[in-house]
Amino acid sequence: APVCSIDLFPTILAATGTPQPADRPIDGISLLDHLKSGGDSALAERDLFWHFPHYRHAPGPYSIIRRGDWKLIKFWEGITELYHLGDDLGETHNLAETMPEKVDELETALLARLKADGAKLPRPNPDFKAEN
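Per this note's numbering, the sequence shown runs over residues 218 to 349.
Below is the structure:
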(Lines of atoms letter the chains of each structure in order from A and count residues from 1; the text may use other names and numbers.)
(Lines give C-alpha, C1' and ligand atoms only; values in the text may rest on other atoms or scores of the structure.)
Protein backbone atom coordinates (compact mmCIF):
# COMPACT_ATOMS: atom_id res chain seq x y z
CA ALA A 1 0.00 0.00 0.00
CA PRO A 2 1.32 3.46 -0.78
CA VAL A 3 2.42 5.87 1.92
CA CYS A 4 1.64 9.58 1.68
CA SER A 5 2.73 12.74 3.48
CA ILE A 6 -0.68 12.85 5.21
CA ASP A 7 0.55 9.86 7.23
CA LEU A 8 3.28 11.86 9.00
CA PHE A 9 0.99 13.64 11.46
CA PRO A 10 -0.78 10.51 12.80
CA THR A 11 2.57 8.69 12.92
CA ILE A 12 4.14 11.44 15.02
CA LEU A 13 1.09 11.51 17.30
CA ALA A 14 1.33 7.74 17.82
CA ALA A 15 5.10 7.86 18.41
CA THR A 16 4.68 10.53 21.10
CA GLY A 17 1.62 8.92 22.68
CA THR A 18 -0.51 11.93 21.82
CA PRO A 19 -4.17 11.22 21.05
CA GLN A 20 -5.52 12.34 17.70
CA PRO A 21 -7.67 15.48 17.87
CA ALA A 22 -11.32 14.58 18.31
CA ASP A 23 -12.58 17.80 16.76
CA ARG A 24 -11.38 17.11 13.19
CA PRO A 25 -10.92 14.17 10.86
CA ILE A 26 -7.42 12.90 10.16
CA ASP A 27 -6.97 11.52 6.65
CA GLY A 28 -3.64 9.82 7.22
CA ILE A 29 -2.82 6.63 9.09
CA SER A 30 -0.13 5.94 11.65
CA LEU A 31 2.84 4.09 10.21
CA LEU A 32 4.35 3.44 13.65
CA ASP A 33 3.57 -0.30 13.80
CA HIS A 34 4.80 -0.71 10.24
CA LEU A 35 8.06 1.09 11.06
CA LYS A 36 8.57 -0.86 14.30
CA SER A 37 8.11 -4.14 12.44
CA GLY A 38 10.80 -3.23 9.94
CA GLY A 39 8.17 -3.06 7.22
CA ASP A 40 6.84 -6.55 7.90
CA SER A 41 3.36 -5.49 9.05
CA ALA A 42 0.80 -4.91 6.33
CA LEU A 43 -0.57 -1.44 5.70
CA ALA A 44 -4.30 -0.98 5.32
CA GLU A 45 -5.56 -0.53 1.77
CA ARG A 46 -7.25 2.82 1.29
CA ASP A 47 -8.12 5.26 -1.42
CA LEU A 48 -5.84 8.26 -1.81
CA PHE A 49 -7.09 11.57 -3.19
CA TRP A 50 -5.49 14.71 -4.62
CA HIS A 51 -7.47 17.79 -5.61
CA PHE A 52 -6.10 20.80 -7.51
CA PRO A 53 -9.10 23.02 -8.33
CA HIS A 54 -7.09 26.04 -9.43
CA TYR A 55 -5.86 27.27 -12.78
CA ARG A 56 -2.22 27.85 -11.88
CA HIS A 57 -0.83 24.68 -13.37
CA ALA A 58 -1.22 23.31 -16.86
CA PRO A 59 -3.38 21.67 -18.05
CA GLY A 60 -5.81 23.33 -15.65
CA PRO A 61 -7.73 21.98 -12.66
CA TYR A 62 -7.65 18.26 -11.96
CA SER A 63 -8.39 15.70 -9.28
CA ILE A 64 -6.94 12.23 -8.72
CA ILE A 65 -7.98 9.04 -6.98
CA ARG A 66 -5.62 6.14 -6.41
CA ARG A 67 -7.25 2.84 -5.45
CA GLY A 68 -4.85 -0.08 -5.24
CA ASP A 69 -2.97 -0.20 -8.53
CA TRP A 70 -5.56 2.00 -10.27
CA LYS A 71 -5.10 5.73 -10.78
CA LEU A 72 -7.73 8.00 -12.30
CA ILE A 73 -6.95 11.60 -13.23
CA LYS A 74 -9.98 13.80 -13.88
CA PHE A 75 -9.05 16.93 -15.81
CA TRP A 76 -12.01 19.22 -15.18
CA GLU A 77 -11.81 20.80 -18.63
CA GLY A 78 -10.65 17.87 -20.67
CA ILE A 79 -10.11 14.18 -20.78
CA THR A 80 -10.06 11.63 -18.00
CA GLU A 81 -7.08 9.34 -17.75
CA LEU A 82 -6.96 5.86 -16.23
CA TYR A 83 -3.81 3.89 -15.52
CA HIS A 84 -3.02 0.53 -13.95
CA LEU A 85 0.20 1.32 -12.12
CA GLY A 86 1.02 -2.33 -11.53
CA ASP A 87 1.42 -2.75 -15.30
CA ASP A 88 2.22 0.83 -16.32
CA LEU A 89 4.11 2.73 -13.63
CA GLY A 90 5.13 5.39 -16.16
CA GLU A 91 1.47 6.16 -16.98
CA THR A 92 1.97 5.77 -20.72
CA HIS A 93 -1.15 3.75 -21.62
CA ASN A 94 -4.42 5.56 -20.88
CA LEU A 95 -7.07 2.85 -20.37
CA ALA A 96 -10.04 5.22 -19.94
CA GLU A 97 -11.61 4.49 -23.34
CA THR A 98 -11.29 0.72 -23.03
CA MET A 99 -12.41 0.48 -19.39
CA PRO A 100 -15.41 2.82 -18.95
CA GLU A 101 -16.77 0.78 -16.02
CA LYS A 102 -13.57 1.30 -14.02
CA VAL A 103 -13.62 5.01 -14.92
CA ASP A 104 -17.22 5.26 -13.65
CA GLU A 105 -16.37 3.40 -10.42
CA LEU A 106 -13.38 5.56 -9.60
CA GLU A 107 -14.94 8.84 -10.72
CA THR A 108 -18.01 8.12 -8.56
CA ALA A 109 -15.76 7.52 -5.54
CA LEU A 110 -13.73 10.65 -6.30
CA LEU A 111 -16.78 12.89 -6.63
CA ALA A 112 -18.34 11.43 -3.47
CA ARG A 113 -15.16 12.20 -1.51
CA LEU A 114 -14.95 15.75 -2.88
CA LYS A 115 -18.58 16.31 -1.91
CA ALA A 116 -18.11 14.80 1.57
CA ASP A 117 -15.09 17.05 2.15
CA GLY A 118 -16.91 20.15 0.90
CA ALA A 119 -14.16 20.64 -1.68
CA LYS A 120 -14.40 23.65 -3.92
CA LEU A 121 -14.85 22.60 -7.52
CA PRO A 122 -13.26 24.56 -10.34
CA ARG A 123 -15.42 27.13 -12.08
CA PRO A 124 -14.46 28.75 -15.37
CA ASN A 125 -14.17 32.53 -15.34
CA PRO A 126 -16.49 33.78 -18.10
CA ASP A 127 -14.49 37.03 -18.30
CA PHE A 128 -11.15 35.30 -18.91
CA LYS A 129 -9.57 36.01 -22.27
CA ALA A 130 -6.59 33.89 -23.21
CA GLU A 131 -3.63 35.79 -24.57
CA ASN A 132 -1.86 34.36 -27.59
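The beta-carbon is built from N, C-alpha and C at its ideal position, and this holds for glycine as well.
Which residues does DSSP pair with residue i in a beta bridge?
i, result
"Phe266", "Ile282"
Residue i to residue j, Cα distance in whole Å?
i, j, result
"Glu308", "Tyr300", "6 angstroms"
"Ser280", "Pro270", "7 angstroms"
"Tyr272", "Trp293", "10 angstroms"
"Ala232", "Leu265", "23 angstroms"
Who are the near neighbours of residue i in its chain, counting only those whose CB is closer than 7 angstroms to its CB and skipping five residues on each side?
i, result
"Leu302", "Asp286, Lys288"
"Phe226", "Ile243, Gly245"
Give me the Cβ distance between residue i and residue j, rounded to the nearest whole Å; I'm assuming they're in contact under 8 angstroms.
i, j, result
"Leu331", "Leu338", "7 angstroms"
"Val220", "Leu248", "6 angstroms"
Quick one: residues in its chain with C-beta nearer than 6 angstroms to the C-beta of residue i, no 5 flanking neighbours on either side, listed in chain order?
i, result
"Ala336", "His268"
Problem set entry | In chain order, each alpha helix (DSSP H) run of at least 4 residues that lies wholly inside the stretch 280-345 | 317-333
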